[in-house]
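Asks: Note that UniProt numbering numbers the sequence shown so that position 628 is 628, with each residue one more than the last. Note that CB positions come from ideal geometry on N, CA and C, so glycine has one too. For reference, the structure I am asking about is given below.
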Amino acid sequence: MQFRVTSRQKLNLFQYSFEYKKKLDWKNLREKLLKFKMGNILSAQSSSSTDSTKNPSKLPGTSSVALKKYTQWTLLTVALLGISYKLITAYQKQQAINLYTDSRRFIQVGIPRHLVNTADTKKKELPNQCVRVMTYNLLAHGPYYCLGEGQYKYCPVEYRAWEYRIRRLLTEIQAYDADILCLQEMTSFMYSGNDPATKLNFKHELKALGYTNVEESTGTRLKDHIHSNCICFKSDKFELLHTYTIRLNEMMDRSKNEGLIEDSMLEECFGDVVTSKEDEKNDSEKKQKKNVLQDSLFYKLFTKCPDIVIVLHLKHITTERELVACTSHVHWNPKHPHVKALQCFLLSVAIDNLMTKVWKLDNENVPVVLGLDANCLPIKRIPDMYDPDIPKEKILNISKWGGGGEQKDGLRSGGYEIFTQWTLPWTDRDHAYSRIAEDLHRAQEKKKEQESGDKSDQGKGTEETKTEKECLEKYWRFANENSYYSQLLWKYGYLEKERLLLDNLKHEWTIPIPWKSVYGVVDEPRFTHKKDVFCGTLDYLLVNDSFRVISYLEMPWQRTFNYHRVPLAPLLGKDTHDTTYQQQNESEHGPQADAECQQEAIQASLFPPIPNAIYSSDHLCLVADLEFMPTLQDTADEIEHIKTTSRSAPEN
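Structure representation (C-alpha cells):
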C-alpha cells in the first residue's frame with residue numbers, strides 16, 4: 001500500500017513543523033531524504049554514471065516502486081513524528097510504525113516448513129510459548145555522548161536533539177512490539193527527566209505501552225557522564241519474581257559479591273587474593289600478595305570500570321514457565337580487550353551462580369536470554385593500533401551449537417570467543433595473561449632504557465619521569481612476585497623459568513552457561529554500529545539451550561535477499577561436514593548465495609552512518625522470537641504418556 005501526502009495534510013503539517021516551526025520545503029525535503037535513503041549514492045555514482053544520478057530510480061539494484069514507497073513513508077513519518085506525540089492519530093502512528101516494520105522482515109529459522117518461504121512473521125501468529133526479545137543501545141543523551149562537539153559531525157544537531165530522537169525511538173520500540181526490552185545507555189534524563197519541549201520520557205511512555213521497567217545506573221561518574229541499563233517486560237505477560245544488579249568491578253571483593261564468584265575463579269583471574277579479613281590477619285604472606293595485586297595497573301583498571309548486569313527472574317503467566325532476562329553494557333575502550341573478555345567471563349559466571357545458589361533455580365531447565373552491547377567484534381580483519389598483526393590463517397566462524405560455518409581470515413575477539421566457544425585459552429591474545437605479558441615486556445624494555453640513561457627522558461619534567469618510573473616499578477615487582485605472570489612470561493619467552501609449577505590450576509576461562517548467539521544461526525550481521533570512522537558488530541542476543549530461536553529481525557539492507565536463511569540440512573539430521581553434501585549444496589545454492597552475498601555487501605556499504613534522520617541511535621536494534629524448549633520433566637511426562645497410550649490402545 002502506498003501513502004500520498006495530500007495538500008490538506010501539508011497545510012496541517014505546516015503548523016507543526018519539526019524544524020523550529022518553519023515551513024517545510026517539500027521539494028527540497030524530498031530530494032534530501034531521497035539522497036539520504038540511498039546512502040549518498042547520488043554523489044557516489046556521479047563519477048561513473050551521469051544518467052543514474054539524474055534518475056535515482058534507475059540505479060542498479062534499486063526498485064523505483066520500492067524507492068517511491070519508502071520515500072513517501074519517510075516524508076509522512078518525519079513530518080508526523082515532529083508533531084506533539086499526543087496530537088497524531090492512531091492511523092498516523094501506524095504509518096510511522098510501518099516505516100520500520102516494512103524495512104526489516106522477521107526471518108523464520110526454527111520451523112522447517114517455513115524455511116523456504118520467508119514470509120513476515122506476525123506477532124499474533126506466534127504460539128503462546130514464544131516471547132519476543134529486543135536489545136537496543138539507545139545512544140545516551142548528553143554532551144559526552146550524542147551531543148558531544150566531536151561526535152557525529154555527519155549528523156545535523158537537530159536530528160540529535162532529544163525532542164527529535166525520543167519520538168523515533170519510541171516508535172521503533174512500538175513497531176517491533178517486543179515482550180522483553182534490553183536497553184543500554186539510558187541516562188536518568190532519558191528515563192525519568194521532564195523535558196519542557198516534549199514532556200516525554202521512557203519511564204512514562206513505556207508504562208503507557210504496557211511495560212514494567214527496571215532501571216539501574218552504572219555508578220558514579222562525572223556529571224552528565226552517567227548512563228544506565230534498563231530491562232522492560234510486558235506487565236500482562238510476565239510476573240516479576242526477583243531482580244538483581246551485578247556490579248562487575250565489585251566481583252573481586254568477597255564482602256560484596258555475595259558468593260557469585262568463587263575464590264578459585266578469582267585466583268584464576270587475578271592470582272592469589274585474600275578472601276576474608278581473618279585470612280589477612282593470620283597470613284602475612286597473603287596480605288603481602290594482596291597488596292601487590294592491588295598495586296597492579298590491571299587490577300586498578302578493572303575496578304574503575306563501573307559496568308553492570310541487570311538480571312530479572314520472571315514468570316511467564318500463560319505457560320507458568322520461569323525464565324531469566326539479563327542486559328549489560330561491556331567496557332567501551334578498544335585499548336582494553338582483556339578487560340572486556342574478563343567482564344564477559346565474570347558476568348556469565350555470576351549469572352549462573354545467582355540462578356543456582358541465590359535463587360535456587362535449575363539452570364538446565366530455566367531459559368536465559370542476555371541482550372547486551374559487548375563492544376567486541378566477532379572477527380577483526382583490519383589491523384589497527386591495538387592489534388597491528390592480524391593472523392593470516394583462516395578461522396572457522398562457527399559456534400559449538402552449529403551457527404555459521406564460513407571460514408574467514410581474522411582475529412576473533414576474546415569476548416565473542418567466550419560467548420560462542422564457552423572458553424578462552426590463556427594463550428589467547430585477548431586473555432588478561434597475554435595482554436599483560438606484552439605490557440610487562442614493554443615495561444621491561446622501557447625500564448632498561450631508563451636505567452641506561454635513555455635520552456627520551458631528558459625532555460620530561462622531574463615529576464613526570466618519577467611517576468612513570470613508579471608505575472614501571474610496580475608492574476615489574478608484580479611480575480616477579482606473582483607466579484602466574486612469571487610463568488606466563490616464561491611461556492612467551494620473555495622470562496625464563498625451568499618449568500611450570502601450576503599443574504593444579506586452570507589456564508583458561510570457562511563459563512558454565514552454553515550461550516548461543518541468536519543471529520549466529522546463520523552469521524552475525526555485517527554491523528550493528530556504524531559511524532563515519534567505525535563500522536562493526538558490537539551487539540548480541542544470547543540464549544541458553546532452553547530457548548529455541550524461531551525467527552530474528554533481519555538487517556535493513558537485507559530486505560531483498562534470501563541467502564541468509566538457515567538451510568534445512570542441519571535440522572534434518574544431515575552431516576553438513578560431509579564432503580558429498582558440501583559439494584551438492586555448493587552446486588545447488590552456491591552461485592545464487594555468492595551473488596546475493598556480494599550484492600548485500602554493496603547495499604550494506606551504502607547504508608548511511610547512524611544516527612541520522614531515520615535511525616536515532618548509533619546502534620541498530622536486534623529482535624528475535626524465542627520458544628521455550630520442553631523441560632526434562634516435560635519430556636519424561638510425554639514419553640510416559642505415549643507409553644501409556646500405546647498400552648491401552650486396542651490391538652487390531
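(1) Going along the chain, which residues of its own chain have a beta-carbon closer than 8 Å to the beta-carbon of Asn-327, five neighbours each way excluded?
(2) Should the region 323-343 be regarded as contacting the region 187-207, the criterion being three or more beta carbon pairs within less than 8 Å?
(3) Go to His-204, then tell me how far its alpha helix (DSSP H) extends in each direction, as first and last residue.
(4) Identify the continuous beta strand (DSSP E) that holds Phe-527 and give its terminal residues.
(5) Once you ignore the five residues that flank Asp-389 on each side, which residues in its own chain have a CB closer than 7 Å to its CB?
(6) The beta strand (DSSP E) spanning Arg-167 covers which residue range?
(7) Can you tell me whether DSSP reads Glu-640 as helix, strand or coil?
(8) Between the Cα of Gln-603 and those of Asn-128, Lys-199 and Arg-526, spot the shortest distance and give me the residue it belongs to.
(9) Could you give the residue range of the beta strand (DSSP E) that holds Glu-508?
(10) Around the Cβ of His-641, are there at least 16 other Cβ atoms within 10 angstroms (buried) or fewer (exposed)?
(11) Can you tell me where the alpha helix (DSSP H) holding Gln-184 begins and where it ends?
(12) Going by Cα to Cα distance, which pick from Phe-302, Asn-363, Glu-524 and Tyr-244 is closest to Lys-380?
(13) So, helix, strand or coil for Asn-213, using DSSP?
(14) Express the C-alpha separation of Lys-516 and Thr-420 in angstroms, rounding to a whole number.
(15) If you measure between the beta carbons of Gly-414 and Ala-350, is that distance less than 8 Å?
(16) Give the secondary structure of Met-134 by DSSP, where H, G and I count as helix, E and B as strand, and everything else as coil.
(17) Return yes when the Cβ of Lys-237 is within less than 8 Å of the Cβ of Ile-317, no when it is not.
(18) Can you list, in chain order, the residues of its chain with a C-beta nearer than 7 Å to that of Leu-346? Leave out the 5 residues immediately preceding and following it.
(19) Identify the residues that DSSP records as bridge partners of Tyr-540: which are they?
(20) So who's on the other strand from His-242, going by DSSP bridges?
(21) Any idea if Asn-137 is buried or exposed, counting beta-carbon neighbours within 10 angstroms, 16 or more meaning buried?
(22) At which residues does the beta strand (DSSP E) containing Phe-628 begin and terminate?
(23) Does the separation of the CB atoms of Lys-203 and Asn-213 fall below 8 Å?
(24) Could you say which of Glu-627, Met-186, Lys-304 and Leu-312 lies nearest to Leu-240 if we only look at CA atoms?
(25) Classify Lys-530: buried if its beta carbon has 16 or more other beta carbons within 10 angstroms, exposed otherwise.
(26) If you drop the 5 nearest sequence neighbours on each side, which residues of the same chain put their C-beta closer than 6 Å to that of Arg-435?
(27) Have a look at Thr-147 and Asp-362 and give me their C-alpha separation to the nearest angstrom.
(28) Would the beta-carbon of Glu-627 fall within 8 Å of that of Ile-550?
(29) Could you compute how far the alpha carbon of Arg-165 sits from the alpha carbon of Gly-142?
(30) Taking Lys-234 as the reference, give the member of Arg-132, Ala-140, Pro-306 and Glu-320 with the closest Cα.
(31) Can you tell me which of the three DSSP states Phe-547 falls into?
(32) Please classify Thr-327: does DSSP put it in a helix, a strand, or coil?
(33) May I ask you to list the residues that DSSP assigns as paired with Pro-425?
(34) Enumerate in chain order the residues of its own chain whose CB-to-CB distance from Ile-639 is below 6 Å, with the five nearest sequence positions on each side excluded.
(35) DSSP on Ser-605, reduced to helix/strand/coil?
(36) CB Ile-511 to CB Ile-418, shorter than 8 Å?
Replies: Quick answer:
(1) Looking at the sequence itself, residue 327 is Thr, so the reference to Asn does not match. Around Thr-327, the same chain offers Thr-135, Cys-182, Leu-183, Gln-184, Asn-229, Cys-230, Ile-231, Val-309, Ile-310, Leu-370, Gly-371 and Leu-372 as residues with beta carbons nearer than 8 Å, after the five sequence neighbours per side are excluded.
(2) With fewer than three CB-CB distances shorter than 8 Å, the region 323-343 does not count as touching the region 187-207.
(3) His-204 -> alpha helix (DSSP H) spans 202-208.
(4) Here Phe-527 belongs to no beta strand (DSSP E), and DSSP marks it neither H nor E.
(5) Cβ neighbours of Asp-389 within its own chain (closer than 7 Å, five residues either side excluded): Pro-383.
(6) Where Arg-167 is concerned, there is no enclosing beta strand (DSSP E), although the alpha helix (DSSP H) it sits in stretches over 162-176.
(7) Note: Glu-640 maps to helix in three-state DSSP.
(8) Out of Asn-128, Lys-199 and Arg-526, Arg-526 has the C-alpha closest to the C-alpha of Gln-603.
(9) Per DSSP, the unbroken beta strand (DSSP E) holding Glu-508 starts and ends at 508-510.
(10) Exposed, by the Cβ-count rule.
(11) Where Gln-184 is concerned, there is no enclosing alpha helix (DSSP H), although the beta strand (DSSP E) it sits in stretches over 180-186.
(12) Per the Cα distances, Glu-524.
(13) It is a strand residue.
(14) Each residue's alpha carbon lies about 6 Å from the other.
(15) Contact check for Gly-414 against Ala-350 fails: the beta carbons are separated by 8 Å or more.
(16) In the structure shown, Met-134 sits in a strand (DSSP, three-state: E or B).
(17) Yes, these two residues count as a Cβ contact at 8 Å.
(18) Setting aside the 5 residues that flank it on each side, Leu-346 is surrounded in the same chain by Leu-248, Met-251 and Ile-261, each with a C-beta closer than 7 Å to its C-beta; the list follows chain order.
(19) Within the DSSP secondary-structure output, Tyr-540 pairs in a beta bridge with Leu-372.
(20) Residue pairing by DSSP places His-242 opposite His-313 in a beta bridge.
(21) Asn-137 should be labelled buried.
(22) Phe-628 -> beta strand (DSSP E) spans 622-628.
(23) Asn-213 is positioned such that its CB atom lies closer than 8 Å to that of Lys-203.
(24) For Leu-240, the closest alpha carbon among the candidates Glu-627, Met-186, Lys-304 and Leu-312 is that of Leu-312.
(25) Lys-530 should be labelled buried.
(26) Excluding residues within five positions, the ones whose Cβ falls inside 6 Å are His-338.
(27) Thr is not the amino acid found at residue 147; the sequence shown has Leu there. When only Cα atoms are considered, Leu-147 and Asp-362 end up about 45 Å apart.
(28) Going by C-beta atoms, Glu-627 is nearer than 8 Å to Ile-550.
(29) A straight-line Cα-Cα distance of about 12 Å links Arg-165 and Gly-142.
(30) The shortest Cα separation from Lys-234 among Arg-132, Ala-140, Pro-306 and Glu-320 belongs to Arg-132.
(31) Note: Phe-547 maps to strand in three-state DSSP.
(32) Three-state DSSP puts Thr-327 in a strand.
(33) Answer is Glu-508.
(34) If we look at Ile-639 and ignore the five residues flanking it on each side, it has no Cβ neighbours.
(35) Here Ser-605 sits in helix by DSSP.
(36) In this structure, Ile-511 sits near Ile-418, with a CB-CB distance shorter than 8 Å.
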